[in-house]
Structure formats: structure tokens, C-alpha cells
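*Asks:* Have a look at this one.
There are 2 protein chains.
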Amino acid sequence: MPEAESSTRKRIVDAATKLFYAEGIGRVSVDAIAEKAGLTKRTLYYHFKSKDDLIAAYLDGRDQPNLKQMAGWFETAEGGADRKVEAIFANLARVARHPKWKGCGFLRTAAELASMPGHPAVKAGSRHKANFEKWLAAELSAHSIAAPHMLAREIMLLMDGAFSSMLIHHNPDYIKAAGHAAATLVRARLVSATIS
Amino acid sequence: MPEAESSTRKRIVDAATKLFYAEGIGRVSVDAIAEKAGLTKRTLYYHFKSKDDLIAAYLDGRDQPNLKQMAGWFETAEGGADRKVEAIFANLARVARHPKWKGCGFLRTAAELASMPGHPAVKAGSRHKANFEKWLAAELSAHSIAAPHMLAREIMLLMDGAFSSMLIHHNPDYIKAAGHAAATLVRARLVSATIS
DNA sequence: GCATGTATATTCACTAGGCGGTATACATAG
DNA sequence: CTATGTATACCGCCTAGTGAATATACATGC
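Those protein sequences? They're chains A and B, same order as listed. Throughout the first sequence, residue numbering follows my numbering, covering 1 to 196 in sequence. Throughout the second sequence, residue numbering follows my numbering, covering 1001 to 1196 in sequence.
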């Protein structure tokens, strides 16, 4: 019954997503995921060949939803590209206040798996960050901003720094500072575009 | 024998430092640390009341050495503050190529312990990052740069972003891009200082 | 229409080993 | 004789992963 995707498989990934993000991959047992999904561990191992596979599926499933959230914040914001970029950080600072917020799942997983650089979950994270950078560069380019790829990378660096600083200090001011710096960088490129 | 600090205790922390940084705190057992230190687990538990205590001791012990390394890179570099800041990133990009490099231990620990925000090791990381920010602001101030605290924070955000991006992409170009952006931000403040 | 075969999907019970932490004993030094 | 430090051996629990049986669905042969 290849009905789009086995609903059992989806239930497992959904349960894994909640637990892995909330607790970290090393602190969540396969038993706990099976229980949360309402089935036995043996069934889980019928759909995934190992825990590592499930970790990778968790991150692969977060790529598009995360990008869509960023894009939504960007598009909804009023004003020029600088205001739109700053809006992403402002929304990030808002949601990061929620007690369930635990940083960027991609970065946290890469940190946990630092001793396994070829792990499929780390690769999934690398792809996601590259997708974000690419999407942002395209948006900046559409707003007639100079050197959009370089600028997109700088903004992404500020954003990952904001994720990390928020996680270690638990203070949204760091995210706002990153947003302010990002907006300044955008305006600087706007100027040079106007000059040329 | 209170000889400065019990050499046994130091041996334990040294072993823990190597293993925690190389593998991540969740992947290292207390047994493994005891074996690496050349003693039994019971002796380890005589000196530390829990694994969590040992994790905190590991990060507390990295604060000053890490700061000294950054300061050394900054002071050794020739040129103005912009070149000195960029030199920190250039050195970071260099050491990050080494296969034993596994990112920033403070950030990785905060990522692993995201579900325990009050953990003493996370607090140790917060203190270290604050110390770095403070040191850098003082250096920038000594170089007659405007708004040194804000700038120091922006540079720290770029640095934490560089740590994270390097960990997920394994490509030092991200660290260099962060260094370039940081140097640009420094030069922008130099200009406004000259104007006023 | 009904038996049979086969692939998918699921459960219960289990293994072998690793985990953080501890009870107890023994050595050594002041 | 007491405090500090170290060792052997152990506990109860949790871990990722598995073997064997079972249930369901659906196609085929007759």
C-alpha cells in the first residue's frame, strides 16, 4: 500500500522529531521513541535499519518546514531587504523565548556528532544550511543587492552565531544584536549598488 | 598533600578534557576517563561527586587557556585592529583543518545539554563567552574604536557562527568569510571614530 | 468461491553489554 | 587512631539491536 508514505513511518519520524529536538539525540532511546509513537521497538526497526538512520530522517524532514518558516517571516515583513532580514532575527528572538525552544536542531546534532563527520545526519544539516544560504542569496539578488552570495553567507554566519549564543546565554538580546548587524550589512550593500 | 592542586585530580581533568572534547560528553563513560587517567573509577568518584561535576571542571579549566590563545593570536598579528581581529579568524581556520579539531567545546557542550539549561557546565560556557566578549571590547577600546562593546558582540557572533558552520560543513572558507566580515565591521567603526 | 502462497507489517520476549554510581576493604601518612 | 586516597568487585538499570512467531492483505490456482 504505497500510499504517499506509510503512516506508521511518519508516526515514528514525528515522535523522533519531538524527542530528539527536546532532549538531544544521545539522550533519547529507541525505546522511548517507539513508546511515544505507540508501537513496539521491533516495528520501528522494521521501518528503519538503525537509530542513525532515524536521526538522518529526522533532520531530512525538518529541511523544508524550517526554510518555509524563514521565508514566511521574510515575505511578511514590510520594508526593504534590510528590514526583511532583520524581521527574521526578530521572529527568531520571539520564538526563542518559548521554553520549548532548544536552538537549531541541525547545529545541535552536528555538535553531538562532531566525532563522526561523515554521519548522514551531519550531511543533512550541511545540505539544509546550504539551502538556506542559497534561498537567501536569491532573495537578496531579487532585491538588487550587490554581492548577494557573500552577503547571504555573512548573514547565515550571524544567524548560526545567534543560535549558539542564545543557547549558551539564554538571552534573546544576542539574537537582536545579530539581526541589527545583519541589517547593517544589507544596507551597506544597498549603498554600493546605488553608487554603481 | 595539598600541593597546589592534587595531581590526581589534575590527571583526571586532563583525561576528561581530551576525551570529552574528542568524543562529546555523552559518548564518554566515566570508566573510560578513569582508564585514560590510569586509575579506577572509585578513585575518580572520590575526587568528583558526579560526572556532571567533572564536565563543569573540564570547561572551567578551558576558560583561561582558550582566552590566552585568542589573545596571543591578536597580539602577534601586525597591523591595525581590523588586521588583528582578522588574524584570530585566520588562525582559527588554520587549526580547524587539523583532524583533531572538533569545534568549540563550550558550544558543543551547551548543545548537548540544551535540555538542562541550568547545568553548571552551560554556566561555565556562558562565563567563558562573556569573558571573551569583555576582553575583546577592552582591546577594541584601547585601539580607539567606537562602540567597542557592540562591535565585540558582533565579532563574537560571527566567531560562534564560524565554529558552527565549520562543524557542519567541514570547510574553512566559512571561517575566512566570518573573518572578512569581522574586519569590515572593525574598519566601519574606525571611520566613524575618525569623523567624530 | 475457496484454498493456498507470499509479501507486508506488527508483537513479545530476549540478548549481550555498557552505564553511572557505590559498598567494602586496604594502604599510607601524620 | 584518624584522615586521605586508592583498589576490587559489584548493583540495578538502561542500551541498541534481534529471533521467532503472528496477523493482515492480496494475488493466484482450481
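We put the CB at the ideal spot given by N, CA and C, even for glycine. This structure is a prediction, so every number in the text was calculated from the model and none was measured.
With a cut-off of 8 Å on the beta carbons, I'd call Ala114 (chain A) and Gly1103 (chain B) a contact; round off their distance for me.
*Replies:* Confirmed, Cβ separation roughly 6 Å.
*Asks:* Going along chain B, which residues have a C-beta under 7 Å from Glu154 (chain A)?
*Replies:* Chain B residues near Glu154 (chain A): Ala1177 and Ala1181.
*Asks:* Give me, in chain order, the residues of the same chain whose beta-carbon lies closer than 8 Å to that of Ala57 (chain A); leave out the 5 immediate sequence neighbours on both sides.
*Replies:* Once the five neighbours on either side are set aside, the close Cβ partners of Ala57 (chain A) are Val13, Ala16 and Phe48.
*Asks:* Any residues in the segment 130-161 of chain A with a beta carbon nearer than 8 Å to a beta carbon of chain B? Which ones, in chain order?
*Replies:* Correct list: Ala130, Met150, Arg153, Glu154, Met156, Leu157, Leu158, Met159, Asp160 and Gly161.
*Asks:* Quick one: does Leu1167 (chain B) have its CB under 8 Å from some CB of chain A?
*Replies:* Answer yes: the Cβ-Cβ gap between Leu1167 (chain B) and chain A drops below 8 Å somewhere.
*Asks:* May I ask you to report which of helix, strand or coil DSSP gives Glu78 (chain A)?
*Replies:* Note: Glu78 (chain A) maps to coil in three-state DSSP.
*Asks:* Assess contact between the segment 1063-1071 of chain B and the segment 1129-1141 of chain B, defined as three or more Cβ pairs (one per stretch) separated by less than 8 Å. Is contact present?
*Replies:* The segment 1063-1071 of chain B, when compared against the segment 1129-1141 of chain B, does touch it at the 8 Å Cβ threshold.
*Asks:* Which residue's Cα is closest to the Cα of Leu158 (chain A): A:Ala111, A:Lys84 and A:Ile175?
*Replies:* Comparing Cα-Cα distances from Leu158 (chain A) to each of A:Ala111, A:Lys84 and A:Ile175, the minimum goes to A:Ile175.
*Asks:* Does Ile1145 (chain B) come out as helix, strand or coil in the three-state DSSP assignment?
*Replies:* Of the three classes helix, strand and coil, the one that applies to Ile1145 (chain B) here is coil, per DSSP.
*Asks:* Given that Val1122 (chain B) touches chain A, what residues does it touch there, using C-beta distances under 8 Å?
*Replies:* Chain A residues near Val1122 (chain B): Ile168.
*Asks:* Beta carbons nearer than 8 Å to chain B: which residues of the segment 16-41 of chain A have them?
*Replies:* Listed in sequence order: Ala22, Glu23, Gly24, Gly26 and Arg27.
*Asks:* Please report whether the beta-carbon of Pro1117 (chain B) lies at a distance below 8 Å from any beta-carbon of chain A.
*Replies:* Judged by the 8 Å Cβ criterion, Pro1117 (chain B) is in contact with chain A.
*Asks:* Could you give the C-beta distance for Leu1107 (chain B) and Ile168 (chain A), rounded to a whole number, given that I count them as a contact under 8 Å?
*Replies:* Confirmed, Cβ separation roughly 7 Å.
*Asks:* Excluding the 5 residues flanking Trp101 (chain A) on each side, which residues of the same chain have their C-beta closer than 7 Å to its C-beta?
*Replies:* Excluding positions up to five away in sequence, the list reads Val95.
*Asks:* Can you give me the Cβ contacts of Ile1088 (chain B) inside the same chain, cut-off strictly under 7 Å, excluding the 5 residues immediately before and after it?
*Replies:* Closer than 7 Å at Cβ, skipping near neighbours: Met1070, Trp1073 and Phe1074.
*Asks:* With contact counted as at least three CB pairs below 8 Å, one residue from each stretch, are the segment 1177-1193 of chain B and the segment 1150-1157 of chain B in contact?
*Replies:* Verdict: yes, contact present.
*Asks:* When the Cα of Glu200 (chain A) is compared with those of A:Thr40, A:Lys41, A:Thr109 and A:Ala138, which residue comes out closest?
*Replies:* With chain A running from 1 to 196 in the structure shown, residue 200 (chain A) is simply not present.
*Asks:* Scan the segment 101-116 of chain A for residues whose Cβ lies nearer than 9 Å to a Cβ of chain B and list them as they occur along the chain.
*Replies:* Residues passing the 9 Å Cβ filter: Lys102, Gly103, Cys104, Phe106, Leu107, Arg108, Thr109, Ala110, Ala111, Glu112, Leu113, Ala114 and Ser115.
*Asks:* So which residues on chain B does Gly61 (chain A) lean against when the C-beta distance must stay under 9 Å?
*Replies:* Chain B residues near Gly61 (chain A): none, gap ~17 Å exceeds 9 Å.
*Asks:* Answer with yes or no whether the minimum CB distance from Ser1126 (chain B) to chain A is below 8 Å.
*Replies:* With 8 Å as the cut-off, Ser1126 (chain B) counts as an interface residue toward chain A.
*Asks:* Quick check: what's the CA-CA separation for Gly1079 (chain B) versus His1143 (chain B)?
*Replies:* Approximately 11 Å, taken between the alpha carbons.
*Asks:* Might you give, ordered along the chain, the residues of its own chain that have their beta carbon closer than 6 Å to the beta carbon of Ala1124 (chain B), omitting 5 neighbours on each side?
*Replies:* Hits under 6 Å: Ala1056, Leu1059 and Asp1060.
*Asks:* Check Leu39 (chain A) in the structure and name its three-state DSSP category.
*Replies:* Note: Leu39 (chain A) maps to coil in three-state DSSP.
*Asks:* Compare the Cα-Cα distances from Gly38 (chain A) to each of A:Ser50, A:Ile25, A:Tyr21 and A:Lys10 and report the closest residue.
*Replies:* It is A:Lys10 whose Cα lies nearest to the Cα of Gly38 (chain A).
*Asks:* If you draw a straight line from the C-alpha of Ser29 (chain A) to the C-alpha of Ile1033 (chain B), how long is it?
*Replies:* Their backbone Cα atoms lie some 23 Å apart in a straight line.
*Asks:* Counting only the same chain and skipping the five closest in sequence on each side, list residues whose C-beta sits under 7 Å from that of Phe1163 (chain B).
*Replies:* These residues qualify, in order along the chain: Gly1103, Cys1104 and Leu1107.
*Asks:* Take Ala178 (chain A) and list the residues in its own chain whose beta-carbon comes closer than 7 Å to its own, dropping the five residues that flank it on each side.
*Replies:* Within the same chain, Ala178 (chain A) has close Cβ partners Phe89, Leu158, Met159, Gly161 and Ala162.
*Asks:* Should Pro1099 (chain B) go down as buried or exposed, given a rule of 16 or more other Cβ atoms within 10 Å for buried?
*Replies:* Counting Cβ neighbours within 10 Å, Pro1099 (chain B) comes out exposed, since fewer than 16 surround it.
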